[in-house]
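Structure first, commentary second.
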Amino acid sequence: MMAASNGTGQELATTLSKSTISGGSDAIQIFQLVHRLNILAKWFNNDLDKAKAALQGRCVLELGCGQGDMTVALAHLVQNQLHDEDSEHHDNVAKGKILALDPGDLDYGAPYTLRQAQKHISDSASGLGKCINWIQYDPIEYLENLDTQNEGTSTADGLPDFIILAHSIFYLPNEDYFSRLLRALHNAAAQSQTQNKNGDPPRLLLAEWGLRVTNPAAEAHVLAVEIQKARPIEEGNVQCVISPARIVELAKEAGWRIEREAWIECPQVDDGKWEVGAVKADTKLDGLHEDSEIKRKYQRMLELSEKEGEVRSMDVWTGVFGLE
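Under the numbering used here, think of the first position of the sequence shown as -13, with each following residue one higher.
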């Protein structure tokens, strides 16, 4: 099984979608899950089988889990139990664990809230919820209090083998917070490495919109993000826009070493369309001069969204980091 963009990836995404609140008949949800599987493949040399081998039985800390799109894909890989027909077999597979953390209000989200979406996954017949621990907590505070958080559990249960941020950096409040988060992650990973000397060192796996386009129809998505960087929408998806080069720079300053980078070109998801729609509906341009850069970008975004027809999504950057 190579990258998940083939038929096998589509089939797996369809199966995984049955564990989500949107259900297996929702094409939008299936494409979102295909994209998450492609991200996982990119992190492991474009091979989902390698991702499965690396993650099975491991502890994964996912920051910014949201409604759980990446979480269900991770849960499948760490336990590999999805296709077991006999539920009695579920207790015999490798005991992987997902620490799915998000500081968001559990009543946030539409058409389903975080609470509804996470509960649906936990209660799903697939059994994937058995390896997911949903955590509502500020990421930095959680990392700074790992010992307290994990009292009564074994070291292996409490400290992560992999730390993942998949499409969650843009949700952070600002660049300074991201920098402090990287340092807190480094400290937690260093602690994990010290206490697990015979194991592989922890890895930091990142994926975010790369502010790059290979399809002209995705330029409107980039412009929508740049407009929101200057004029954030309250409770919008874009609060902290950081380029891949800057992410690598901040990670190095925090003690992380980039091991490899890869791109996913123009993923088949609707995020570009959603962000353009959000800017049209909610961005306030009052008080700006007609020749201001933001207004020029806004007009260009409108022209592109109408000229190109369907707005596509920009390229996605992925990076794998190890401790310095």
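We treat Cβ as the ideally placed atom computed from N, Cα and C, and that holds for glycine.
Predicted model, so just to flag it, every value in this text is computed and none were measured.
Alpha carbon to alpha carbon, how far is residue i from residue j?
| i | j | result |
| --- | --- | --- |
| K281 | R198 | 21 Å |
| L190 | L290 | 36 Å |
| V79 | L41 | Residue placement at V79 is flagged as unreliable, the pLDDT there being 46, under the threshold of 50; a coordinate-derived value is accordingly withheld. |
| A176 | Y128 | 16 Å |
| S112 | D162 | 40 Å |
| V131 | A210 | Position check: residue 131 holds Asn in this sequence, whereas Val was assumed. For N131 and A210, the distance between alpha carbons rounds to 37 Å. |
| I126 | I149 | 13 Å |
| V262 | Q15 | 19 Å |
| L168 | I107 | 29 Å |
| R243 | S165 | 14 Å |
| I250 | Y123 | 30 Å |
| V265 | D272 | 14 Å |
| A174 | C45 | 13 Å |
| K270 | K215 | 13 Å |
| L60 | G54 | 10 Å |
| D72 | K116 | In this prediction, D72 has a pLDDT of 45, which is less than 50 and means its spatial position is unreliable; what the coordinates show is noted afterwards. So the two alpha carbons sit approximately 15 Å from each other. |
| D277 | H172 | 44 Å |
| A86 | G50 | 8 Å |
| R286 | P230 | 24 Å |
| M56 | P187 | 22 Å |
| L(-2) | F30 | 18 Å |
| A13 | Q(-4) | 10 Å |
| Q181 | L145 | 9 Å |
| W303 | K283 | 23 Å |
| G185 | S178 | 10 Å |
| A206 | I228 | 18 Å |
| E239 | E310 | 10 Å |
| Q225 | S110 | 32 Å |
| H62 | E279 | 45 Å |
| H323 | G43 | Absent from the structure is residue 323, since the part of the chain shown begins at -13 and ends at 310. |
| D268 | A96 | 16 Å |
| E194 | G295 | 25 Å |
| L288 | P202 | 14 Å |
| F17 | N32 | 18 Å |
| A170 | G90 | 19 Å |
| K293 | L19 | 29 Å |
| Y98 | V208 | 27 Å |
| D147 | L114 | 19 Å |
| G9 | T0 | 9 Å |
| W88 | N160 | According to the sequence provided, residue 88 is Asp. The question's Trp does not apply to it. Each residue's Cα considered, the two are about 16 Å apart. |
| C252 | I118 | 30 Å |
| W260 | V234 | 27 Å |
| R217 | T200 | 26 Å |
| Y94 | G241 | 34 Å |
List the endpoints of the continuous alpha helix (DSSP H) containing residue i.
| i | result |
| --- | --- |
| R325 | The chain is shown from -13 up to 310; residue 325 falls before or after that span and cannot be answered. |
| R286 | E279 to K293 |
| L209 | E205 to A216 |
If you follow the beta strand (DSSP E) that residue i is part of, which residue opens it and which one closes it?
| i | result |
| --- | --- |
| T304 | V302 to L309 |
| L158 | That residue, L158, is in no beta strand (DSSP E); it is neither H nor E in DSSP. |
| L129 | No beta strand (DSSP E) contains L129, which is instead part of the alpha helix (DSSP H) from P125 to E130. |
| I7 | No beta strand (DSSP E) contains I7, which DSSP labels as neither H nor E. |
| E296 | Counting along the chain, E296 falls outside any beta strand (DSSP E), and DSSP gives it neither H nor E. |
| L151 | F148 to A152 |
| E194 | R189 to W195 |
How many whole angstroms separate the CB atoms of residue i and residue j, which I take to be in contact at a CB cut-off of 8 Å?
| i | j | result |
| --- | --- | --- |
| G52 | L92 | In fact, because the Cβ distance is near 11 Å, the residues do not count as touching under 8 Å. |
| M305 | L192 | The sequence given here has Gly at residue 305, not Met. So it is a contact: roughly 5 Å between Cβ atoms. |
| I84 | E48 | 6 Å |
| A152 | R22 | 7 Å |
| V64 | G82 | 3 Å |
| G196 | E245 | Actually they are not in contact, since the Cβ atoms of G196 and E245 sit about 18 Å apart, beyond 8 Å. |
| K28 | A204 | About 18 Å separates the two Cβ atoms, so there is no contact after all. |
| Q104 | W120 | 5 Å |
Examine the ligand HEM and report whether any of its heavy atoms sits within less than 7 Å of the Cβ of residue i.
| i | result |
| --- | --- |
| P146 | With respect to small molecules bound, the structure shown includes none, and the ligand HEM cannot be examined in it. |
Inset, instruction - Please determine if the stretch 155 to 168 and the stretch 31 to 45 are in contact, where contact requires at least 3 C-beta pairs separated by less than 8 Å. - result: No: the two stretches stay apart, fewer than three of their Cβ pairs being nearer than 8 Å.
Inset, instruction - Go through the stretch 219 to 272 residue by residue and report every complete run of the alpha helix (DSSP H) that reaches 4 residues or more, in order. - result: The stretch 219 to 272 contains these whole alpha helix (DSSP H) runs: 230 to 239 and 257 to 268.
Legend entry - the stretch 299 to 306 touching the stretch 247 to 264, judged by at least three CB pairs closer than 8 Å: The stretch 299 to 306 vs the stretch 247 to 264: in contact.
Inset, instruction - Taking only runs that begin and end inside the stretch 75 to 119, name each unbroken alpha helix (DSSP H) of 4 or more residues, in chain order. - result: With a minimum length of 4 residues, the continuous alpha helix (DSSP H) runs that stay inside the stretch 75 to 119 are 100 to 109.
Legend entry - Sufficient close CB pairs (3 or more, under 8 Å) joining the stretch 211 to 227 to the stretch 2 to 13: Segments in contact, no.
Inset, instruction - Please specify which runs of the beta strand (DSSP E), each continuous and at least 3 residues long, are wholly inside the stretch 25 to 74, giving them in chain order. - result: For secondary structure counted as the beta strand (DSSP E) over 3 or more consecutive residues, the stretch 25 to 74 holds these complete runs in sequence order: 45 to 49.
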